[in-house]
Every structure is written in C-alpha cells, then in structure tokens.
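Visitor:
Numbering (our numbering), first residue to last: 410 to 1116.
Okay, here's the thing in structure tokens:
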C-alpha cells in the first residue's frame, strides 16, 4: 500500500489505496473522488502570475514576476488557492489531482523525495545592462578607495556620487535625498545629544566608583566594558566611546596602569553594545530605513536586542577571557613595552657624547632621520655618513623615550622658543587626540590658526603611519593622531575645545554648569517614547534636541561645529547610490549570483552568506558604507528566494558592525590605536576570536528569533 500525496509528500502520484488515514482510504479499482479541503489548513502558497498558454501548469519565461494572489478565501486572508504546482500526472487522475491544493511544504518534500532540489534564486534572465555594470564597477572602486584610506572618506563619497550623476545612474533630483533620510537625521540628533551629555560629566562619579570598588584588572575591565556597552545601546557607539575615554584614562592614571589594558577592550565593548538598538550604530539605522522602504515600517527600537544582546554578551566574555596582556613596568614584571614612535623637528647641537652623523642620530633615536635642513635648504642626497653641524634641523621619527633622553642630554633642542621637555617654566605640555568630528581632520599643521594665535607649538606628532612629505608643518592630520603641545594650559584647553580635539594627558578638569543634569532625564524620556513606539525615533530625538536648546543646555552653534560631519556626508552621499543599486536591477543581479552559488538555499544559508560577506568587507570599509551597499542586495534576495527580509537585513547590520580585526575599520578602533599606541597585530590577535564567536552566535540567534 502507498499513500496519496495529500497524506504523505513522499508518494509522487496516488495510484493505489491509502491505508494511513481512514478518511483518505480509497479503492484502487476506481479513481478516487476529489476531497474537499479547506484552504485554511494549508500555508499560504505563492501563485504564478505568468502562466504559459501553450504549456498548462508551467510558467512563461517572460512576463511579470511571481506575486501573491488577490484575496479569495476569508479563512487565511485569501492567499491560499488550489494551484497546481507540479507537472500533470499521467492517466485519468490528472484532472482531479490537479484540483488538490499543494502547500509549499508538500512541494518541498516531494522535491527531496524525488532527488531534486528547489530551484535556486536566479536573476531575471535578461542581459545585464550598461547601467548595472557601470554602477557595480563604481561601487567596487569606491570600496577600494575607502580601503586605501588615503583621502577623506566624505570627499571620496561625494566624488562617487558626482560620477553617478554624470553617468546617469542617479537622477539629479535624487542627489540630496540622502540628507533627508531618517538614518542621517537620527545620527545628527544623537551627536548633538551626546555633546550635551558630555558637558554633564556625570561619568566622573562612575569613574570614582569603579576605581574604589573594582580592585583587580578583570573586575575593572568588566565594569568599564559593561558601562561602555550599556551607553552604546542608547547612543551612537562613537559618542559612547568618546564619553568613556576620559573615564578609562582617569582610572588608568589613578591606578598606574597602561592605557593599553583598557582602551581596545572598551572600543570593542562599545561596538558590541551598539548592536542592541536601532540607534546604536549607523548600520542599524541604514537597514531600518531600507526595511521601511520595503514594508512601510522599519525596525522597532529594540527589535535588534534579542540577537544583539546574545552577540554582545558572548563578545564581552571573549574580551575578558583574552584581554590584552600588558606588562607591569612599575613592578618590573614581564618584558618592556613597545616604544612609542613620534615624528618631530629638532635642532642639532653637537656634544662630545652625542652622535655626529645622520646614521648615528637615527640609531640614538631608535628611528630614522628623514631630512636635514641646513640654512633652510634640504641636504640631498642624504646618506648615513653625512655629518651633522650645529643648528641643523632634523626631521625624524623617533621613540618618545629616546627623544626625551636626547633633549635631556643636550644634543637635541626644540626649534621654537621655550624650555625642553620636563623643564620648569610657564609653559605646560599636553597630549591631545584628533577626534572623528574634529576640525583638525585633513588639515595641515601649518594652517592651524587656533593654535598659532595662542602661541601653542606642536612639537611632536604620533601618527598611525608616518606620512612625512616635506616638513613637520606639511603633515596632514588624521583621526587618532596624537599631538604633543607646548603652551599655556588655559590656552591649550581653549584651542582643543575650539578644534574638537580631546586632551588625554594631563586630564583636564571642568566644573559642570547649573543645568548640567537636565540632558539625562530629557534624553531618557526620548528613549522611552521611541521604544514604546509613540513617536518615530527621529521625531522623538528631535524633540529632545529642541528641549535642550530651549533650556540652554545645548549650544547649538558650537555643537554643530563639532559634529562628525565626515560620517554624515558619507551616509548622505552613499544612500542615493544604494537606492540606485536597487532601482536599476543591479541588486537583483547580485542577489541572483548569490542564489546561483547557493542552489536551493533557504533563509538560514542566505543569512549566513550575507553575514559572512559583510564581516569580510567591513574591516577595510566604513561600516555605514557596507550597510548601504548590502541592504538593497538583501532586500532583492528576500524577494527572489521568498524569504522574509528581516533576518537578511539584521545579518547585514551585524556583519557591518563586527569590526574588530583592524585599527582603521571603525573610528573607535582608530582612536584607541592612536592613544594607546597599539600595534596592528594587536587588533588582529585580539579581534579574530571576537569576530568568530560573534558570527556563530549571531547566526544561531537569528535562527532562533527571526527564522
């Protein structure tokens, strides 16, 4: 005995009696009568909207795409109909079996039983157009230029948008549509609110509490990372890291610990915390806007929390398990730390014990002398045996400790007026880091009028990679570069505040204003309103900004000057390009390629593919750009594979934010790299376990909560 197709998907055709169910038992001597089955008992099946008149039951190779049928049955919303989804069987049962509605589950079971698999997602079959090829090549070129990190990211994005408009990929009327996108508006509002929160200095009490209650390094690291991850849930992760930087540096200074013990884990923690909410990272905002364009409503405030919280907890556990091993130099344990390299211009003064040639000077500085200027003329060619004369100006990169030793020994002197490092005098010394929103990004040292008019000298510079072309004044500053400043402490503090840079040593102290605590409850109210769905996130946060401005708790003019404009312009320029990828069919072609590489794949394999691709790209490209490029591909893949778009979009946002293996993939990593002078290998060694665990946990959590 075999069973009929309605009772078992493993039977291809009903040719004999069904003995499994009395209600379905039929005699093999006569054709079975068709059963009346309610459509509500079947899953809603897609209906073919392009039948081929010459081949009944088959789809036409050309015509409109598959669409859901119109309402016809009230029991299941009208989306289930008796539709023949299999070839007509031979014999006299063909007409009657064709009337039996077949659910997707029966069809998939039949395909597996017969040794075949479901047809993979494919493209439309139409030839790829010039516009699609050109736009894809433009996106690949933009990602490559972003990875090179030689030009400002917002300039690169604007150039790419200009090329797209000139080539006809983007309509002129859509050029500025990115600036009105909810993702861009929300990022602006968050950065303004973070500016107001920074003036409260409420985290000073948290720093004192952590220093008093957490005696060991593990407890200290857990408290700082937990606080940073918690803040990142409710604000942009860059803002959370900027708020936590003074706390971490103050605790490290109070305990005499190396900042390298804290800053990289803190950067990772803020990236993980941003995964848990719709505003925690720009990538979440981008995919939420993409879902809103598809469904009319984006993700809720905490829709990312089930998956993001699992990934964050697993990532924090890995961070604490593989925390940076920093030698305790004060107690003489371990090996000596890596010397901190700086670039500086110094006057040479010959002494009996000092070096006499270029090679000897480079060896004494544990670095390299790149240029020697004598009477304002560069010596060329510069050889190792070139003798040095009194008054020569050396442009060199050197270990900071060796440079200080040379100044103390007298064979090196600062080129400007003032005392050498460590000497008493009216001038003070300070270290400051260039923040992402700083006006110093991309500027030459010679053009910094805010420093020159206050008689502040930049005596040395610690950069990610030495960019020595000409003199020290010709070097362009980048995010994470550390400036060694000499001048009056008050003037240094005012200049750094005007330029949007952060002083990291010695730590500045400022008294909060009388209304300094107002931003906290106002911001909390805005979060509650948006989380409950009473108002959209941009509207709720916009109301918070308005209240803070009216209460004079936020100086809007100063805050707008210190906003991270490069990220905003990057988002606003890339969003029209991402919309063009979806509009001209390029996303459909890329989705078809992924489907061809994964034939018969369901939602979980496609989610894993998008998550892995985003993780591979984001260490070399800004995470916002990664999300903008992959979001339309995820939407198109969900259409042609008949899977919900939510898990694919969440995979894109998570993959774009799991950025731990390079110091330049995210601004938080870049800041930590510059301040604590990590090595590139430190990020790779500490970041790959967090990335691997994040991939596995994210995939499992998406499977549980979204598929």
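All C-beta atoms in this analysis are idealised placements derived from N, C-alpha and C, irrespective of residue type, glycine included.
Alpha carbon to alpha carbon, what distance is there between residue 804 and residue 758?
Guide: Cα to Cα, residue 758 sits roughly 14 Å from residue 804.
Visitor: Is residue 796 buried or exposed, if buried means 16 or more other CB atoms sit within 10 Å of its CB?
Guide: Classification of residue 796: exposed, given that the 10 Å Cβ count is below 16.
Visitor: Assess contact between the stretch 1044 to 1054 and the stretch 990 to 1006, defined as three or more Cβ pairs (one per stretch) separated by less than 8 Å. Is contact present?
Guide: Touching, per the Cβ criterion.
Visitor: Quick check on the burial criterion: 16 or more other C-beta atoms within 10 angstroms. Buried or exposed for residue 1014?
Guide: Result: exposed.
Visitor: State the start and end residues of the unbroken alpha helix (DSSP H) segment that holds residue 1029.
Guide: No alpha helix (DSSP H) contains residue 1029, which DSSP labels as neither H nor E.
Visitor: For residue 790, does the count of other Cβ atoms within 10 angstroms reach 16, so buried, or fall short, so exposed?
Guide: Exposed is the call here.
Visitor: If you drop the 5 nearest sequence neighbours on each side, which residues of the same chain put their C-beta closer than 6 Å to that of residue 999?
Guide: Within the same chain, residue 999 has close Cβ partners 1042.
Visitor: Would you mind reading off the limits of the beta strand (DSSP E) that contains residue 838?
Guide: Start and end: 837 to 842.
Visitor: Between the alpha carbons of residue 512 and residue 844, how many angstroms are there, rounded?
Guide: Any reading at residue 512 must be qualified, since the residue scores a pLDDT of 39, below 50, and its modelled position is unreliable; the value itself is stated next. So the alpha carbons of these two residues sit roughly 57 Å apart.
Visitor: Could you compute how far the alpha carbon of residue 1031 sits from the alpha carbon of residue 695?
Guide: Cα to Cα, residue 1031 sits roughly 13 Å from residue 695.
Visitor: Residue 578 to residue 984, Cα distance in whole Å?
Guide: When rounded, the distance between both Cα atoms is 13 Å.
Visitor: Terminal residues of the continuous beta strand (DSSP E) containing residue 779?
Guide: Per DSSP, residue 779 belongs to the beta strand (DSSP E) from 777 to 783.
Visitor: Looking at the structure shown, is residue 765 part of a helix, part of a strand, or coil, going by DSSP?
Guide: Of the three classes helix, strand and coil, the one that applies to residue 765 here is coil, per DSSP.
Visitor: Going by DSSP in three states, residue 1090 sits in which element: helix, strand or coil?
Guide: Correct three-state label for residue 1090: helix.
Visitor: Which ranges does the beta strand (DSSP E) cover as unbroken runs of at least 3 residues, wholly within the stretch 857 to 912, from first to last along the chain?
Guide: Listed in chain order, the complete beta strand (DSSP E) runs (minimum 3 residues) inside the stretch 857 to 912 are 866 to 871 and 891 to 896.
Visitor: So, does the stretch 562 to 582 touch the stretch 614 to 623, judging by three or more C-beta pairs under 8 Å?
Guide: No: the two stretches stay apart, fewer than three of their Cβ pairs being nearer than 8 Å.
Visitor: Cα separation between residue 1106 and residue 1090?
Guide: Looking at the two C-alpha atoms, the distance is approximately 25 Å.
Visitor: If I measure Cβ to Cβ from residue 1037 and keep anything under 8 Å in the same chain, skipping five residues before and after, which residues do I get?
Guide: Cβ within range, chain order: 695, 980, 983, 984, 986 and 987.
Visitor: Taking the alpha carbon of residue 681 as the point to measure from, which residue in 552, 557, 645 and 801 has its own alpha carbon closest?
Guide: It is 645 whose Cα lies nearest to the Cα of residue 681.
Visitor: Closer than 6 Å by C-beta to residue 1085: which residues in its own chain qualify, once you throw out the five before and the five after it? Chain order, please.
Guide: These residues qualify, in order along the chain: 668, 669 and 672.
Visitor: Along the chain, where does the alpha helix (DSSP H) containing residue 677 start, and where does it finish?
Guide: Residues 672 to 682.
Visitor: Among the candidates 614, 951, 1033 and 1116, whose CA atom is the shortest distance from the CA of residue 690?
Guide: Selected option, being the one with the closest Cα: 1033.
Visitor: Three or more C-beta pairs under 8 Å: does that hold for the stretch 941 to 953 against the stretch 583 to 600?
Guide: Touching, yes.
Visitor: Along the chain, where does the beta strand (DSSP E) that runs through residue 804 open and close?
Guide: Looking at the DSSP string, the run of the beta strand (DSSP E) that includes residue 804 is 802 to 808.
Visitor: Just verifying my parser: in three-state terms, what is the DSSP assignment at residue 753?
Guide: In this structure, residue 753 counts as strand in the three-state DSSP scheme.
Visitor: Out of 749, 722 and 809, point me to the one whose CA is closest to residue 755's CA.
Guide: Nearest of 749, 722 and 809 to residue 755, Cα basis: 809.
Visitor: Give every residue of the same chain whose Cβ lies closer than 6 Å to the Cβ of residue 956, excluding the five residues on either side of it in the sequence, and list them in chain order.
Guide: Counting only Cβ-Cβ distances below 6 Å, and skipping sequence neighbours, we find 931.
Visitor: What three-state label does DSSP hand residue 1105 in the structure shown?
Guide: Of the three classes helix, strand and coil, the one that applies to residue 1105 here is helix, per DSSP.
Visitor: Can you give me the start and stop residues for the alpha helix (DSSP H) that residue 562 sits inside?
Guide: Looking at the DSSP string, the run of the alpha helix (DSSP H) that includes residue 562 is 562 to 575.
Visitor: Suppose you measure from the CA of residue 1076 to the CA of residue 761; what does that come to, to the nearest Å?
Guide: Taking the straight line from one Cα to the other gives about 46 Å.
Visitor: Assuming the contact rule is C-beta atoms closer than 8 Å, residue 1131 and residue 840 should be a hit. Round their C-beta distance to whole Å, please.
Guide: Outside the shown range of the chain, which is 410 to 1116, sits residue 1131, and nothing can be said about it.
Visitor: According to DSSP, simplified to helix, strand and coil, what is residue 811?
Guide: Correct three-state label for residue 811: helix.
Visitor: Taking only runs that begin and end inside the stretch 604 to 671, name each unbroken alpha helix (DSSP H) of 4 or more residues, in chain order.
Guide: List check, alpha helix (DSSP H) in window: 612 to 622, 626 to 642 and 646 to 664.
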